[in-house]
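Enquirer:
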Amino acid sequence: MSTLARVYVSRKVPPQGLDILRKSAQVQMELWDSDDPVPRRELLKKVKGCDGLLCVLTEKIDSELLDAAGPNLKVVSTMSVGFDHLSLDQLKKRGIRVGYTPEVLTDAVAELTVALLLATSRRLIEATHEAKTGGWGTWRTLWLCGYELANSTVGILGLGRIGVAIAERLKPFKVKKLIYTDVVPRPELAEAIQAEFVSMDELARQSDFLAVCCALTPDTQGICNKNLFSKMKNTAIFVNTSRGGVVNQEDLYEALSSGQIAGAGLDVTTPEPLPNNHPLFTLKNCVILPHIASASYTTRNAMSALAANNLLAGLRGEPMPKELQL
Ligand code: DGY
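So the sequence shown is numbered by my numbering: it starts at 1128 and just counts up by one.
#1: Does the distance from the CB of LEU1286 to the CB of ALA1317 come in under 8 angstroms?
#2: Hey, ALA1420 and GLN1143: beta-carbon distance below 8 angstroms or not?
#3: Please say whether GLY1390 and THR1265 have beta carbons closer to each other than 8 angstroms?
#4: For VAL1281, collect the residues of the same chain with a Cβ closer than 6 angstroms to its Cβ; drop the 5 residues on either side in sequence, then sort them by chain order.
#5: If you drop the 5 nearest sequence neighbours on each side, which residues of the same chain put their C-beta closer than 8 angstroms to that of LEU1193?
#6: Should SER1137 be listed as close to ligand 1, given that the test is whether its C-beta is under 7 angstroms from any heavy atom?
#7: Nearest-angstrom Cα distance between MET1128 and ASN1436?
#8: In its own chain, which residues sit with a C-beta less than 6 angstroms from the C-beta of LYS1353, not counting the 5 before and 5 after it?
#9: Look up ILE1364 in the DSSP assignment and say whether it is helix, strand or coil.
#10: In whole angstroms, give me the CA-to-CA distance for LEU1243 and LEU1407.
#11: Who does PHE1336 pair with in a DSSP beta bridge?
#12: Please classify HIS1418 as buried or exposed, where buried requires at least 16 neighbouring CB atoms within 10 angstroms.
#13: Using the beta-carbon count (16 or more within 10 Å), is ASP1178 buried or exposed?
#14: Do VAL1395 and THR1426 have their beta-carbon atoms positioned less than 8 angstroms apart in this structure?
#15: Using only Cβ atoms and a threshold of 5 angstroms, which residues come within that distance of a heavy atom of ligand 1? Order them by chain position.
#16: According to DSSP, which residues form a beta bridge with ALA1391?
#17: Just to confirm the assignment: which complete alpha helix (DSSP H) runs, minimum length 4, are found wholly within the stretch 1154–1201?
#18: Return the chain-ordered list of same chain residues with a C-beta closer than 6 angstroms to the C-beta of LEU1393, the five sequence neighbours on each side being excluded.
#19: With a threshold of 6 angstroms on Cβ separation, who are the neighbours of THR1276 within its own chain once the five nearest residues in sequence on each side are excluded?
#20: State the start and end residues of the unbroken beta strand (DSSP E) segment that holds LYS1304.
#21: Cβ atoms of CYS1413 and LEU1383: under 8 angstroms apart, would you say?
#22: Could you tell me the alpha carbon to alpha carbon distance between GLY1386 and ARG1332, rounded to whole angstroms?
#23: Taking the C-alpha atoms as reference points, what is the distance between PRO1198 and VAL1174?
#24: Got a sec, what are the start and stop residues for the alpha helix (DSSP H) ARG1221 sits in?
#25: What is the residue span of the beta strand (DSSP E) that GLU1275 lies within?
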């Protein structure tokens, strides 16, 4: 009888992670060898009897799946920093350990957030479209004008590693003031970027640029709503690279189409993919990306390596490099 742990890998993750698993001589691995998500029914079948599961953020790890896996399952390792797709209470109840991939993606996400913020505030997508499609007549004084970071106030909703990394990158653009809100003040993080803790209302009122960096939890579900947008400046730019569920998209559409706020850059939406006939796609002042904040070769490989190492350590009963405390 084989002593190898049985693991299911629910997606073709980047090579670094797969190599680590293959070379470990610790697991007997079955892989959903595709760039597309494994069909739910197949996943439920494949996890049966597994000791470990390496998944990505499209897989819902809930009681149905954990029941299907059965009592052998000891470790779930997600190749993501976000864990809103995992039923943490169910995992905890069953004593299943969870690995995730914080830190290795901080730089890539912060970089993309800055790119998205600039693309939105300086209307880059609209501008290239105009240039390509004949809208570029002559140089005009106020054509395609946007908003600049110099002398602005940048607000961060949810100050963690990623919020700090975004702020560090924005500071050299001569930002005047950095503010943030969170459940409680985070002086240890805020100090590094000289950010002031404010209430949610003040964040809305003062921010010229508002970046959403909080995790999606029951408490943050839909917190970017009419109430928030109605307090924001008409010149404000809203950027979200966390999770779509944090935003009430109907309220955002209203805020953008009525001119309540100037623009929004979204890397995440509800659902994903956002259907191409979604009203947000009709708005010139809304830049939508297909959830690519961590999508650099280096980062995605590092995420897959960390997810693999978390899985292996968990299966050995050792501390994981990055374990979620349940
Ligand atoms: C995550 O890891 O949660 C990101 O959203 C995708 O990299």
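Beta carbons: idealized from backbone N, C-alpha and C, even for Gly.
Expert: So, from the listed chains and residues:
#1: yes
#2: no
#3: no
#4: LEU1297, VAL1302, LEU1305 and PHE1336
#5: LEU1200, SER1214, GLN1217, LEU1218, ARG1221 and ILE1223
#6: no
#7: Annotation note: pLDDT 44 at MET1128 (below 50); position unreliable, no value reported.
#8: ASP1378
#9: strand
#10: 16 angstroms
#11: VAL1281 and ILE1364
#12: buried
#13: buried
#14: no
#15: SER1207, VAL1208, GLY1209 and SER1421
#16: PHE1365 and CYS1413
#17: 1167–1173 and 1190–1196
#18: ASN1367 and ILE1415
#19: Residue 1276 is actually Leu in this sequence, not Thr. Within the same chain, LEU1276 has close Cβ partners PHE1300 and VAL1302.
#20: 1304–1308
#21: yes
#22: 15 angstroms
#23: 11 angstroms
#24: Element bounds for ARG1221: n/a, residue is neither H nor E.
#25: From DSSP, GLU1275 is part of no beta strand (DSSP E); its letter is neither H nor E.
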